[in-house]
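In this note's numbering, the protein residues as written are 13 to 429. We treat Cβ as the ideally placed atom computed from N, Cα and C, and that holds for glycine. The model shown is predicted, which means the values in this text are computed figures rather than measured ones. Structure record follows, encoded as structure tokens.
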Ligand code: PLP
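Below you can see the structure in the form of structure tokens.
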């Protein structure tokens with residue numbers, strides 16, 4: 013029995029589908045300790061948009077450590093944090109005419125979500141939050157209360173309250189007009205819906221099964237929030253930092269959320285980091301009213317700033333993400349059409365793509381077949397029925413082709429054709 017099986021809690025999950033010991037990682041590839049390479053269509057669940065050990069970011073990090081740059085600093089002023097804030101303002105916020113203040117909420121995505129939910133409640137004096145079917149926002153109690161997945165919710169041990177789920181885009185396959193139920197409940201004083209502080213939404217639901225909301229639906233949601241004086245929180249933890257093409261996944265919809273949660277790839281190098289961006293008028297917390305020890309991991313600020321400078325000074329990455337995403341989307345559609353009897357669906361936007369199968373069992377077999385062929389790809393969706401592709405945005409065209417060939421062969425191996 014390995015030390016992992018002996019000592020590590022049974023709660024571990026990814027290591028079950030990929031039962032090898034990884035050692036090195038470069039670009040779009042991870043290597044097991046015996047040297048076996050794996051093409052990574054998982055990318056740290058979206059934390060490695062710029063690839064593993066990206067050479068530009070690695071050099072910035074090595075230089076910073078070599079000169080004894082501050083590593084840990086709570087929320088003290090540091091040179092690294094100044095550089096990050098200036099770069100964020102210059103490269104991201106100003107060009108998009110976005111006016112946000114920045115909260116450093118703690119190291120992970122759930123920290124960014126907790127801060128947004130707490131602040132929305134504090135600002136509005138209301139406790140109820142609207143979330144969406146199949147949403148995923150993290151594993152802490154606040155974030156879990158606005159998460160849909162029943163298996164994940166069952167880990168809480170206490171009632172998950174103060175949240176009301178509404179149907180996400182296409183939940184009824186277009187049978188009802190968008191927001192029919194939501195708006196009716198808001199307008200009806202007898203509906204029993206408490207006046208919400210906020211709506212929290214993912215533009216593309218990653219863990220929920222790569223469900224991409226239409227831009228029209230997102231605009232409709234933003235309008236609804238404005239009409240009803242509800243704060244709009246976009247959780248861009250997984251779909252931000254260029255995953256769908258633009259830096260923020262909501263840019264194509266032309267909306268300006270009241271708060272934005274960022275984590276995963278914002279640190280650039282896979283180091284823990286998160287941000288909660290808030291409209292200035294929402295900046296009402298007293299000094300220290302929201303706090304935490306690991307809010308200033310300065311090496312992550314260094315790689316974050318370097319990533320913004322390197323990849324967001326022009327639109328090259330955005331254009332290549334869109335093009336590669338289209339290519340993968342078209343290839344997945346080809347697979348769908350090759351197996352009409354299997355009822356497959358191709359899903360996604362940008363480089364967040366999915367292939368939905370009739371059951372979690374089939375999707376799991378396809379991911380296992382892909383692993384045998386040297387490709388890392390996880391499942392998502394309420395029944396794990398979607399094979400999910402989330403490669404580094406920096407993967408080469410040749411790697412796109414290689415991944416697609418493996419996916420094709422894996423589907424063929426499982427569906428038998
Ligand atoms: N929000 C979204 C949309 C996510 O996809 C995730 C993680 O997958 C989280 C929040 C939680 O982030 P973390 O796991 O870093 O707490």
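* Asked: the ligand MG heavy atoms versus the CB of residue 167: any closer than 7 Å?
  -> What this structure holds is the ligand PLP, not the ligand MG.
* Asked: Can you tell me whether DSSP reads residue 179 as helix, strand or coil?
  -> If DSSP states are grouped into helix, strand and coil, residue 179 belongs with coil.
* **Helix, strand or coil at residue 225 [DSSP, three-state]** => Residue 225 falls in the coil class under three-state DSSP.
* If you draw a straight line from the alpha carbon of residue 289 to that of residue 97, how long is it in whole angstroms? -> Going from the Cα of residue 289 to the Cα of residue 97 covers about 12 Å.
* **Length of the line joining the Cα atoms of residue 52 and residue 307** => A straight-line Cα-Cα distance of about 29 Å links residue 52 and residue 307.
* Out of curiosity, what's the CA-to-CA distance linking residue 30 and residue 401? -> Going from the Cα of residue 30 to the Cα of residue 401 covers about 15 Å.
* To do: Following the continuous alpha helix (DSSP H) through residue 273, name the residue where it begins and the one where it ends.
  => Membership of residue 273 in any alpha helix (DSSP H) is not indicated; the residue belongs instead to the beta strand (DSSP E) covering 271 to 274.
* To do: State the CB to CB distance for the pair residue 358 and residue 341, rounded to an integer number of angstroms; the pair is presumed to be in contact (CB under 8 Å).
  => With 8 Å as the limit, residue 358 and residue 341 qualify as a contact, their Cβ atoms being about 6 Å apart.
* Kindly indicate which residue of 65, 118, 351 has the alpha-carbon position closest to the one of residue 300. => Of the candidates 65, 118, 351, the one whose C-alpha sits nearest the C-alpha of residue 300 is 118.
* To do: Pick out whichever of 108, 104, 60 has its Cα sitting closest to the Cα of residue 266.
  => Shortest Cα-Cα distance from residue 266 to any of 108, 104, 60 involves 108.
* Who's in the neighbourhood of the ligand PLP, going by beta-carbon under 6 Å from any heavy atom, listed in chain order? -> Taken from the N-terminal end onward, the list reads 57, 120, 121, 122, 125, 148, 149, 150, 214, 218, 219, 247, 249, 250, 275.
* Give the straight-line distance between the Cα atoms of residue 25 and residue 194, rounded to the nearest whole angstrom. => Separation of residue 25 and residue 194 (C-alpha to C-alpha, rounded to the nearest whole angstrom) is 35 Å.
* To do: Mark residue 361 as exposed unless 16 or more other C-beta atoms lie within 10 angstroms of its C-beta, in which case mark it buried.
  => Around the beta carbon of residue 361, 16 or more other beta carbons lie within 10 angstroms, which makes this residue buried.
* Between which two residues does the beta strand (DSSP E) containing residue 7 stretch? -> As shown, the chain starts at 13 and ends at 429. That puts residue 7 outside it, with no answer to give.
* For residue 140, the residue or residues it bridges with in DSSP -> DSSP lists 208 as the beta-bridge partner residues of residue 140.
* Asked: Can the beta-carbon of residue 54 be found less than 8 Å from the beta-carbon of residue 388?
  -> Here residue 54 is near residue 388, since their CB atoms are less than 8 Å apart.
* Would you call the stretch 71 to 91 and the stretch 409 to 420 in contact, with 3 or more CB pairs under 8 Å? -> Counting Cβ pairs under 8 Å, fewer than three are found: no touch.
* Asked: If you drop the 5 nearest sequence neighbours on each side, which residues of the same chain put their C-beta closer than 6 Å to that of residue 218?
  -> Within the same chain, 250 come within 6 Å of residue 218 by CB-CB distance, once the 5 residues on both sides are set aside.
* To do: Answer yes if the stretch 322 to 340 comes into contact with the stretch 183 to 198, meaning at least three C-beta pairs across the two stretches below 8 Å, and no otherwise.
  => Counting Cβ pairs under 8 Å, fewer than three are found: no touch.
* To do: Alpha carbon to alpha carbon, how far is residue 177 from residue 67? Give it in angstroms, no decimals.
  => Approximately 43 Å between the Cα atoms of the pair.
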